[in-house]
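Protein chains in written order, with my numbering: chain G, 6 to 180; chain X, 2 to 294.
We put the beta carbon where it would ideally sit given N, CA and C, even for glycine.
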Amino acid sequence: MTIVDLTSMGEPQSDQQKEIRNRLRSLQDQISEYCYQCAKCTSGCEAHKLLELEPHKIVALLKRGLINELVNSDVIWTCMTCLKCRERCPQKVAPVEILFALKNMAVASGKQIPGKYTAMLQSILTMGLIQDIQQITTRINTTVKREDLGLPALVKPTDPAKFQAGIMKIAMEKV
Amino acid sequence: MKKKYALFPGCLMPTEQYGYEISLREALPVLGVELVDVEGFSCCGEPMKSVNQLMTLYLSARNLAIAEKHHLDLFVPCAMCHMALSECIYVLESNPAMKERMNGMLAAEGLTYTGKQHLVHTVDLLYDHIGLETIKQHVKHPLKGLKLAAHYGCHLIRPSEIGRPVNSENPQKIEEILKALGADPVTEYPQKLDCCGAPLLANLPESALTKTGQKLQAIQEQGIQGLVDVCPWCHKMFDSRQTKAGETVAAKLHVPVFYLTQLLGLALGVKKEKLGLELNLSPVDTISFEEAV
């Protein structure tokens, strides 16, 4: 099992797709009905000004069942997860959660994951953290690593094989 | 009374944001906090939420179960980790089937989640658990009326539905702590609740930096002497990437940015060199502090 199997194969993840589709269906049937398009989410949205994300429109599209169109759209990847929409929605719709489900669906259906997500996932599988110890430059232009600063050893999973097996299982698990 | 916690380091603080870790390890024991290093913790899972929410939940549950095994409450200095772990507790407490499913998975590593552990972040540890009076009693070198602004971080203040350590729309605990340290923080500024941009680093790094640049530029124009943060992600943006963030808004930025624990350490009399201040890339040395003895 490799990272490729986890992130870009449509077929083996059909169980997962089913689970996410169920999640999206319940968001569509039970949650999006509450939205009355007041756009309070969009007025506070951190991604709105910069990247034109309009959470209330995402909810409207979900309500109409345009799930595939949303999953294939780049706009779902502009959410900054600032959580203002979830905090402020008078109807508890939480567009940020809808966006997470749509992104999860994009990944499970084999669309390529953007940016550094694949590298971060690979690193988690290998060592439990999104990145290993970095050498950093100080303000006076010297370079230091964790161990140079007298900090204790890096905390990470003690049994990497077992840890990796757990992640693999959760990523592939049947519903 | 001694307060004992397992330190949950997360990913970013122990692999690059060393200034936060060094300063909290130095400053908090002065106030009677004992931090225990526990083997086996991993990523909190939050960075993977866009990829697979179930994985996020599993990683959080696993970390909580490790703390439970050691019978320790958790000190979680990263706002993002704190939110992920809080949400995991919220979800598993309201969804017994999911809790059972997670425990089925955790059994492979000999772990069980029952949900007994409490979480604290830097801000509520200082404000609610240690308290302003105790902090005041320990201040040796007051921060001499410094005009500072606080940045809380989105994940620390929202969503209040799952329980957060501070108020979501008008957070004031950092300002109160800074006042106890002798500083003179601005309690309001228009961009106070604006995001640092970090969650976009993974896939839209230019936009992430623009967000950072816009907030820093506004702070600079208001004549604020320095920005104070409490999250390694926010600090990475505001401090480590400040020069680059400035380029995105065509501004030369020079806002000193501190971790709250660095200022706490200075005020408590911890020696400057023990607080990792040379690791801040923003011009923190333009502010002169009364030298700790």
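| Query | Result |
| --- | --- |
| Drop a sphere of 10 angstroms on the beta-carbon of Val76 (chain G), count the other beta-carbons inside from all chains shown, and report buried for 16 or more, exposed for fewer. | buried |
| Look at the alpha carbon of Leu264 (chain X) and the alpha carbon of Leu144 (chain X), and state the distance between them as a whole number of angstroms. | 8 Å |
| Near Thr213 (chain X), what residues of its chain come up, given a Cβ to Cβ distance below 7 Å and the 5 sequence neighbours on each side ignored? | Cys197, Gly198, Met238, Phe239, Arg242 and Ala246 |
| Quick check: what's the CA-CA separation for His255 (chain X) versus His72 (chain X)? | 45 Å |
| Please list the segments of the alpha helix (DSSP H) lying wholly inside the segment 19-83 of chain G, counting only runs of 4 or more residues, in order along the chain. | 19-31, 45-49, 51-56, 60-68 and 72-76 |
| Between X:Phe9, X:Glu40 and X:Leu147, which lies nearest to Asp164 (chain G) when the distance is taken from Cα to Cα? | X:Glu40 |
| Between which two residues does the beta strand (DSSP E) holding His152 (chain X) run? | Leu149 to His152 |
| Please state the DSSP three-state secondary structure of Lys4 (chain X). | strand |
| Is Tyr114 (chain X) near Ala66 (chain X), with beta carbons less than 8 Å apart? | yes |
| Helix, strand or coil: how does DSSP classify Leu228 (chain X) here? | strand |
| Name the DSSP beta bridge partners of Tyr260 (chain X), please? | X:Asp230 |
| Please state whether DSSP places Leu58 (chain X) in a helix, a strand or coil. | helix |
| So with Cβ pairs under 8 Å, would you call Thr244 (chain X) a contact of chain G? | no |
| Pro160 (chain X): buried (16+ other C-beta within 10 angstroms of its C-beta) or exposed? | buried |
| Could you work out which residues of chain G lie near Gly41 (chain X), taking near to mean beta carbons separated by less than 7 Å? | Pro162 and Thr163 |
| Tell whether a beta-carbon distance below 8 Å holds between Glu22 (chain X) and Pro30 (chain X). | no |
| Report the residue from X:Glu222, X:Asp125, X:Leu201 and X:Leu228 whose alpha carbon sits nearest the alpha carbon of Ala151 (chain X). | X:Leu228 |
| Output the boundary residues of the beta strand (DSSP E) element that contains Leu36 (chain X). | Val34 to Val37 |
| Just the Cα atoms here: how many angstroms apart are Gln127 (chain G) and Ile172 (chain G)? | 11 Å |
| Assuming Met84 (chain X) and Ala176 (chain G) make a contact with CB atoms under 8 Å, what is their CB distance in whole Å? | Not a contact, Cβ separation roughly 22 Å. |
| Just confirm the distance between the C-beta atoms of Tyr19 (chain X) and Gly266 (chain X), as a whole number of angstroms; I'd bet it's less than 8 Å. | Not a contact, Cβ separation roughly 14 Å. |
| Output yes if chain G places a C-beta closer than 8 Å to the C-beta of Val271 (chain X); else output no. | no |
| I need the straight-line Cα distance from Gln173 (chain X) to Leu58 (chain G), nearest angstrom please. | 29 Å |
| Determine whether the beta carbon atoms of Val231 (chain X) and Thr123 (chain X) lie at a separation below 8 Å. | yes |
| Just to make sure I have the definition right: I need the residues of chain G whose C-beta is within less than 8 Å of the C-beta of Asn168 (chain X). Which are they? | Simply none; closest approach about 11 Å. |
| Could you give the uninterrupted runs of the beta strand (DSSP E) lying entirely in the segment 121-195 of chain X, keeping only those of 3 residues or more? | 149-152 |
| With DSSP run on the structure shown, which of helix, strand or coil describes Thr148 (chain G)? | strand |
| For Leu280 (chain X), would you say it is in contact with chain G, using Cβ-to-Cβ distances shorter than 8 Å as the test? | yes |
| Got a sec: is the Cβ-Cβ distance from Ala251 (chain X) to anything in chain G below 8 Å? | no |
| Could you run through the segment 110-129 of chain G and flag, in chain order, every residue whose CB is less than 7 Å away from some CB of chain X? | Val112, Ile118, Pro119, Gly120, Lys121, Tyr122, Met125, Leu126 and Ile129 |
| Under 8 Å Cβ-Cβ, which residues of chain G neighbour Ala203 (chain X)? | Pro119, Gly120, Lys121, Tyr122 and Met125 |
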